[in-house]
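Asker:
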Amino acid sequence: MASKEMVPSRLVIAIGGNATHPEGIRGSPGEQVKVAAELAEALLPLMLLDTELIITHGNGPVVGKILLRQAIARQRVEPMSLDICVAHTQGGIAYLLMQAFENVLRAADNPRHVICLLTQVEVDPDDPAFKNPSKPIGYFYSEEEAKGLTAELGWEMREDSGRGWRHVVPSPRPKHIADISLIEVVAKSGAVVIAGGGGGVPVVRSGKRQRHGVEAVIDKDQTSALMANVLHIDDLMILTAVPRVAIHYGKPQQQELERVTLAEIKKLHAEGHFPPGSMGPKIEAAIQFLDRGGRRVMIGRLQDVMPVLCGKAGTHIVAD
Ligand code: ADP
Ligand code: MG
60 MASKEMVPSR LVIAIGGNAT HPEGIRGSPG EQVKVAAELA EALLPLMLLD
110 TELIITHGNG PVVGKILLRQ AIARQRVEPM SLDICVAHTQ GGIAYLLMQA
160 FENVLRAADN PRHVICLLTQ VEVDPDDPAF KNPSKPIGYF YSEEEAKGLT
210 AELGWEMRED SGRGWRHVVP SPRPKHIADI SLIEVVAKSG AVVIAGGGGG
260 VPVVRSGKRQ RHGVEAVIDK DQTSALMANV LHIDDLMILT AVPRVAIHYG
310 KPQQQELERV TLAEIKKLHA EGHFPPGSMG PKIEAAIQFL DRGGRRVMIG
360 RLQDVMPVLC GKAGTHIVAD
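Count the sequence shown with the working numbering and you get residues 60 to 379, in order.
1) Which runs of the beta strand (DSSP E) at least 3 residues long sit entirely within the stretch 203-235? Give them in chain order.
2) Can you tell me where the beta strand (DSSP E) holding residue 175 begins and where it ends?
3) What do you get for residue 352, buried or exposed, if any count of 16 or more other CB atoms within 10 angstroms of its CB means buried?
4) Does the Cβ of residue 338 lie closer than 7 Å to at least one heavy atom of the ligand ADP?
5) Take the Cβ of residue 181 as the centre, count every other Cβ of all protein chains shown within 10 Å, and call the residue buried at 16 or more, exposed below.
6) Just reading off the beta strand (DSSP E) that residue 272 is part of, what are its end residues?
7) How about residue 299 and residue 358: do their beta carbons lie closer than 8 Å?
8) Can you tell me which of 95, 70, 251, 74 puts its alpha carbon nearest to the alpha carbon of residue 416?
9) CB of residue 255 to nearest heavy atom of the ligand MG: below 7 Å?
10) Round the Cβ separation of residue 380 and residue 294 to the nearest angstrom and send it over; I've been treating them as touching at under 8 Å.
11) Please return the same chain residues whose Cβ sits closer than 7 Å to the Cβ of residue 230, not counting the five positions on each side in sequence.
12) If I'm right that residue 27 touches residue 131 with Cβ under 8 Å, what's the distance once you round it to whole angstroms?
13) Between the Cα of residue 98 and those of 105, 79, 107, 236, spot the shortest distance and give me the residue it belongs to.
14) At a threshold of 7 Å, does residue 258 count as lining the ligand MG (C-beta to nearest heavy atom)?
15) Provide the residue(s) that pair with residue 296 in DSSP beta bridges, ordered along the chain.
16) Is residue 342 buried or exposed, if buried means 16 or more other CB atoms sit within 10 Å of its CB?
17) Given residue 202, which residues of its chain have a CB within under 7 Å of its CB, disregarding the five upstream and five downstream residues?
18) Is it a yes or a no for the stretch 313-327 touching the stretch 368-376, going by three-plus beta-carbon pairs under 8 Å?
19) Measure from the alpha carbon of residue 303 to the alpha carbon of each residue in 265, 143, 356, 350, then state which is nearest.
20) For the ligand MG, is there a heavy atom less than 7 Å away from the beta-carbon of residue 117?
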């Protein structure tokens, strides 16, 4: 079990989109319930502690499927804009997570509440990301299929970490999380809070505090880092599909990182070890979080959540 000083009193956890909707599944309702139950089982030891928990999650695979479904049905059903699609993913994923988390808590005779807050996140309308789509979403395709989708639907496609070709969309930086004070209030009440799903629904603000949705998917790692900074939470945990961050990833000389300082990770990032669209955003989020006063970023596998928390697994990036 975790020793007392390693267990933070407040924690932001970012769960990868691939963890809530892994590549290998077709995505039937039954499969999604099962994945959520496994995720809940993995997080249960943490939820049983009295740590304040704010959980964010990715939505890449799910929002990609919604876009594909819309593309197929577009002659019969009017497609929704990307901000509305992101809102759909927040609701759908959080519904499955809330139910699964509460089910494991109740099975353990624990009365802790789990609450989802639909979250809008403001971005800069002039963010250069709108002119350079970089966030991969949805299925992996062969190069030939990717070319067909670009020709047929106008989707911008890009190769993703040697795993195949994916649809890429603009991913502007999060600037402000709407109602973040309410996220804090609910977390302090003891409930497990699910917020900022899919990086948040991307909106811009104009005129007299008017908000409007924009076509983008914000990186949930960036939103999680911003959330932790603004709420002065010292620890950020990013759960993904690899046990540790590596240098020379996917090459024979690959080497996993256990503990690195902020200065060291900045140097490795500058050397190009962390590609955009996958590990790059996590490392950039970690750097930003530590630069702005965060204490520790843990990156590891969902199945290893307690060992990661105790420093026995995962990559730990610490302030200088
Ligand atoms: P998530 O859904 O958790 O956000 P991503 O697919 O966006 O996951 O990013 C994590 C993935 O990045 C890993 O599963 C791995 O395939 C890939 N990756 C790319 N570079 C690295 C690296 N240097 N070290 C570890 N994993 C890397
Ligand atoms: Mg990601």
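Ideal Cβ positions, reconstructed from N, Cα and C, are used throughout, including at glycine. As the structure is a computational prediction, the values presented were derived from the model and not from experiment.
Answerer: The structure says:
1) 216-218, 224-228
2) Numbered from its first residue, the sequence shown carries residue 175 at position 116. Where residue 175 is concerned, the enclosing beta strand (DSSP E) stretches over 173-176.
3) Taking the first residue of the sequence shown as 1, we reach residue 352 at position 293. So residue 352 ends up on the exposed side.
4) Here the question's residue 338 lines up with position 279 in the sequence shown. Yes; taking the cut-off as 7 Å, the Cβ of residue 338 has a heavy atom of the ligand ADP nearer than that.
5) Translated into positions along the sequence shown, residue 181 becomes position 122. Buried.
6) Translated into positions along the sequence shown, residue 272 becomes position 213. Its beta strand (DSSP E) spans residues 269-272.
7) As a position in the sequence shown, residue 299 is number 240, starting the count at 1. As a position in the sequence shown, residue 358 is number 299, starting the count at 1. Yes; because the gap between Cβ atoms is below 8 Å, this pair is in contact.
8) Residue 416 is absent from the model: the chain starts at 60 and stops at 379.
9) Numbered from 1 along the sequence shown, position 196 holds the residue referred to as residue 255. It does not: the Cβ of residue 255 is nowhere closer than 7 Å to a heavy atom of the ligand MG.
10) Residue 380 lies beyond the range of the chain shown here (60 to 379); nothing can be said about it.
11) Taking the sequence shown and counting its residues from 1, the one referred to as residue 230 is at position 171. Same-chain partners within the cutoff: 188, 193, 194, 275, 276, 277, 278.
12) Past the edges of the chain, shown from 60 to 379, lies residue 27, and the structure says nothing about it.
13) Start at 1 with the first residue of the sequence shown, and residue 98 comes out as number 39. Out of 105, 79, 107, 236, 79 has the C-alpha closest to the C-alpha of residue 98.
14) In the sequence shown, residue 258 corresponds to position 199, counting from 1. No, since every heavy atom of the ligand MG falls outside the 7 Å radius drawn around the Cβ of residue 258.
15) Position 237 of the sequence shown, counted from the start, is the residue given in the question as residue 296. Beta-bridge pairing links residue 296 to 72, 357.
16) For the purposes of this step, residue 342 is identified with residue 283 of the sequence shown, where counting begins at 1. Buried: at least 16 other Cβ atoms inside 10 Å.
17) On the sequence shown, residue 202 is found 143 positions in, with the first residue counted as 1. Taken in chain order, the residues that qualify are 224.
18) yes
19) For the purposes of this step, residue 303 is taken as the residue at position 244 of the sequence shown. Of the listed residues, the one whose Cα sits closest to residue 303 is 356.
20) In the sequence shown, residue 117 corresponds to position 58, counting from 1. Yes.
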